[in-house]
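Chains as they are written, first to last, in full-length UniProt numbering: chain C, 1 to 419; chain Z, 1 to 233. Right, one structure below, let's go through it.
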Amino acid sequence: MFSKDRWDEILEALNANKFRTFLTAFGVFWGITILVLLLALTNGLKNGVTADFGDFATNSMFMWAQSTSKPYKGLPKGRRFNYKISDVAAIKSEIPNIKYVSPRNQLGGFRGANNVTRGTKTGAFEIYGDYPEYIKQQPMDILQGRFISYSDIEAKRKVCVIGTGVVKGMYDKDEEVLGTYIKVNGVNFLVVGTFKMSNSQGDGEQDASTIYMPFTTFGQAFNRGENVGWMAITAVDGVTITSLKQQVFDLMKSRHKIDPTDERAIGHFDLSEQFGRVNGLFTILSLVGYFVGALVLMSGIIGISNIMLIVVKERTKEIGVRRALGASPWTIKSQILQESLILTILSGMVGISFSALVIWVMNTILDNAGPVDNFANPSVSMQVVFTALIILIVSGVLAGLIPANSATKMKPVDALRIE
Amino acid sequence: MIQIKDLHKSYHMGSNSLHVLKGINFDVKEGELVSIMGSSGSGKSTLLNILGMLDEADEGQYILDNVPIKNLNEKIAAKYRNEFLGFIFQSFNLINYKSALDNVSMPLYYKGIKRKERTERAMHYLEKVGLAEWSHHLPSELSGGQKQRVAIARALASDPKVLLADEPTGALDTKTSYEVMELIQGINDEGKTILVVTHEDDIAHMTKRIVNLKDGLIIDDSTVKQVRASEHV
């Protein structure tokens, strides 16, 4: 269908009136540019907002203990309870499709008092007792040394892993960190590693001012015993934590003598659900982007259709001559169709390239200006580009359809008579 | 070559019906050079359009090279036009954004001939009409006579059975007209069947046979002594 001869024919026809070809193409160019840019901006917004979730495994929930709201088995309502370390093993063994369960305890926190000292330096940091799995739920880059290990947990070693903010606050520049001791609430801990959050956005400061130590050590040193402050639970891929959480709650209720209908005893935050909600919002935004972009593109396409109609009208006589020379109606039709198709695709390609350039410029500016709230890395995937291409091809054919039909509607004898 | 029997054609405009051809009978043998004359409205152009399969007759028989031409759909008509007929128009009807060579090779393109052979053949016909060195010029860079010669080369390109010329000299001055007629006579001398529609007497007398049309009927059909155009150039 696209022989070299046909190409020549089409290019000649498009070249015959360059300015008009350019103007026609501009409509589609503009439409596709807006479509791609809208989607890229939506994506940038999405990247910015989802970065606030950090890198934390999104198929997770946090679960903590509140006080009971119903009396049960002779126990009063308003009773406080604590998760125990044995609950973790119970969840792991009794509920299928759970990937990680990390029990956690915390010291310090928002506007906490100074709790860490080293020599003459003091600082207020967040201190967590954690299991080694935690690094899999909350990815972080270990800059020096290592993270907590299971042998630390078993031996209850007094070791800790500190964030870059802690290093900055407690050490002089270029001072060796590993192998030194810091004093947390009066207890000495050996520093075995330093870390940086892989992708810290917004909460960078807080993330960096964090100290991790083995959960068991934490419990003994700070008098928490077997108690668990809260748990971070991640489901295996392919199963949402939302679908598993009720089983976890039921198990906890039975283990802690809580009325099965008591909805308030267990507090939780379902990251997967929240993440899904935000994702849903951006899916809608993308759809709006597609919709608006497609409408703008459509006006461009109507432009092509319109110009092609005029072209066909202007070339009525030429078409008559061609038919007298032996062009079949289908030859004429397919040529008009292909002209409009090529015009659409060509201008669309230029539009896509142009918007890619704009996106690149935006990214360069963003990189230089530093992070902006709720906006990061505007981009489009190849999938979007292909979708845009398919839209272009379909619309190119649609744009050519009416003009192509009108080109062959007139009898050759009438077409030849036109001056 | 051409047999026409009892050809009728009328045009309907609203409630009015205009009977243009009222029973035309005539035959053209191979190698003839026939002029069709008549005042405007006599039906000569309609007759030529029907012969050219650009239009269809209401009634009657049309046989071209032993092929009955009837009930054509556009696809077949296009094929027949390409194979059997070459058109020469009063206003040349060259495609203005194509070079002379590309214009000439167009019927060959629609015939499905490969580019290389097409260019060779087109060049051959351009040489024949004496415009080889103008092959890459656009029609706008050619004079009227040259344009008509390109158009003649184009009509010849697909080696048709019959050439149909609709007032080929209508847009040309006398001298150029004679040059074009000389070319047409030369092509006829090589054995090509040619029909020329004209209303100019001197042009008609440069053909071998004059068919006179009036009000949709042939009133006169006679062989004449051909005046060689070369004597006037």
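Ideal placement from N, C-alpha and C gives every residue a C-beta, glycine not left out.
Subject >> Test: Z/D58 CB closer than 8 Å to a CB of chain C >> reply: Position 58 of the second sequence, counted from the first residue, corresponds to residue 58 of chain Z. No, its Cβ sits nowhere closer than 8 Å to a Cβ of chain C.
Subject >> Same chain only: Cβ atoms within 6 Å of Z/W134, ignoring 5 sequence neighbours per side >> reply: If you number the second sequence from 1, residue 134 of chain Z lands on position 134. These residues qualify, in order along the chain: A100.
Original post:
For C/S328 and chain Z, any beta-carbon pair shorter than 8 Å?
Top reply: Along the first sequence, one-based indexing puts residue 328 of chain C at 328. It does; some Cβ of chain Z falls within 8 Å.
Original post:
Any idea what DSSP makes of C/I258, helix, strand or coil?
Top reply: Translated into the one-based positions of the first sequence, residue 258 of chain C becomes position 258. Three-state DSSP puts C/I258 in coil, outside helix and strand.
Original post:
Within 8 Å (strictly less), CB to CB, does Z/N71 reach chain C?
Top reply: Position 71 of the second sequence, counting from 1, holds the residue named residue 71 of chain Z. No, no contact with chain C.
**OP:** Could you tell me if C/F269 is buried or exposed, where buried requires 16 or more neighbouring beta carbons within 10 angstroms of its beta carbon?
**Re:** On the first sequence, residue 269 of chain C is found 269 positions in, with the first residue counted as 1. C/F269 should be labelled exposed.
**OP:** Pick out whichever of C/N114, C/F195, C/I162 and C/L401 has its Cα sitting closest to the Cα of C/P139.
**Re:** Taking the first residue of the first sequence as 1, we reach residue 139 of chain C at position 139. Nearest C-alpha to C/P139: C/F195.
Subject >> Among Z/G86, Z/M13 and Z/I69, the one whose alpha carbon lies nearest that of Z/K111 >> reply: One-based indexing of the second sequence puts residue 111 of chain Z at position 111. Cα-wise, what sits closest to Z/K111 is Z/G86.
Subject >> Three-state secondary structure assigned by DSSP to C/D414 >> reply: As a working mapping, residue 414 of chain C is identified with position 414 in the first sequence. Secondary structure of C/D414 (DSSP, three-state): helix.
Subject >> Proximity test, Cβ basis, 8 Å: Z/L54 and chain C >> reply: One-based indexing of the second sequence puts residue 54 of chain Z at position 54. Yes, because at least one Cβ of chain C sits closer than 8 Å to the Cβ of Z/L54.
Original post:
Does the distance from the CB of C/Q335 to the CB of C/E9 come in under 8 Å?
Top reply: Here residue 335 of chain C corresponds to residue number 335 of the first sequence, with the count starting at 1. Here residue 9 of chain C corresponds to residue number 9 of the first sequence, with the count starting at 1. A contact, by the Cβ cut-off of 8 Å.
Subject >> C-alpha distance - Z/Q226 paired with C/I332, whole-angstrom precision >> reply: One-based indexing of the second sequence puts residue 226 of chain Z at position 226. One-based indexing of the first sequence puts residue 332 of chain C at position 332. Cα to Cα, Z/Q226 sits roughly 41 Å from C/I332.
**OP:** Tell me whether C/K70 sits in a helix, a strand or coil according to DSSP, three-state version.
**Re:** Start at 1 with the first residue of the first sequence, and residue 70 of chain C comes out as number 70. In the structure shown, C/K70 sits in coil (DSSP, three-state: anything other than H, G, I, E or B).
**OP:** Could you tell me which of C/L357, C/W330, C/I342 and C/R323 sits nearest to C/N405, measuring between CA atoms?
**Re:** One-based indexing of the first sequence puts residue 405 of chain C at position 405. Among C/L357, C/W330, C/I342 and C/R323, the Cα nearest to that of C/N405 is on C/W330.
Subject >> Other residues of its chain near C/T68: CB distance less than 6 Å, five sequence neighbours each side excluded >> reply: Reading the first sequence from its first residue, position 68 is the one you call residue 68 of chain C. Only K77, R79, I258, D262 and A265 meet the Cβ criterion.
Original post:
What does C/P412 reach in chain Z if we use C-beta pairs closer than 7 Å?
Top reply: As a working mapping, residue 412 of chain C is identified with position 412 in the first sequence. Simply L54.
**OP:** Name the residue from C/M298, C/V358, C/K317 and C/G400 whose alpha carbon lies nearest to the alpha carbon of C/K411.
**Re:** One-based indexing of the first sequence puts residue 411 of chain C at position 411. Checking every option, the nearest Cα to that of C/K411 belongs to C/K317.
Original post:
Would the beta-carbon of C/I148 fall within 8 Å of that of C/G348?
Top reply: On the first sequence, residue 148 of chain C is found 148 positions in, with the first residue counted as 1. On the first sequence, residue 348 of chain C is found 348 positions in, with the first residue counted as 1. It is not a contact, given that the beta carbons lie outside the stated cut-off.
Original post:
Using Cβ-Cβ distances below 8 Å, what residues of the region 296-318 of chain C are close to chain Z?
Top reply: K317 and E318
Original post:
Rounded to whole angstroms, how far is the Cβ of Z/D220 from the Cβ of Z/F26, which I believe are closer than 8 Å?
Top reply: The sequence position of residue 220 of chain Z within the second sequence is 220, counting from 1. The sequence position of residue 26 of chain Z within the second sequence is 26, counting from 1. Incorrect: roughly 11 Å between the Cβ atoms, too far for contact.
Subject >> Sequence-distant residues of the same chain with beta carbon closer than 6 Å to C/G351, five excluded per side >> reply: Here residue 351 of chain C is taken as the residue at index 351 of the first sequence, counted from 1. Cβ neighbours of C/G351 within its own chain (closer than 6 Å, five residues either side excluded): F29, I32 and T33.
Original post:
Quick one: is Z/K192 buried, meaning 16 or more other Cβ sit within 10 Å of its Cβ, or exposed?
Top reply: Position 192 of the second sequence holds residue 192 of chain Z. Buried.
**OP:** Kindly confirm or deny that the region 95-108 of chain C and the region 220-235 of chain C touch, where touching means at least three C-beta pairs closer than 8 Å.
**Re:** In this structure the region 95-108 of chain C lies against the region 220-235 of chain C, because at least three pairs of beta carbons, one per stretch, are closer than 8 Å.
Original post:
Where does the unbroken alpha helix (DSSP H) through Z/H124 begin, and where does it stop?
Top reply: Residue mapping note: residue 124 of chain Z aligns to position 124 of the second sequence, counting from 1. Residues R115 to K128.
**OP:** Quick one: measure Cβ to Cβ for Z/L94 and Z/A157, integer angstroms, because I've assumed they're closer than 8 Å.
**Re:** Stepping through the second sequence from its first residue, residue 94 of chain Z is reached at position 94. Stepping through the second sequence from its first residue, residue 157 of chain Z is reached at position 157. Actually they do not touch by this definition, with Cβ atoms about 13 Å apart.
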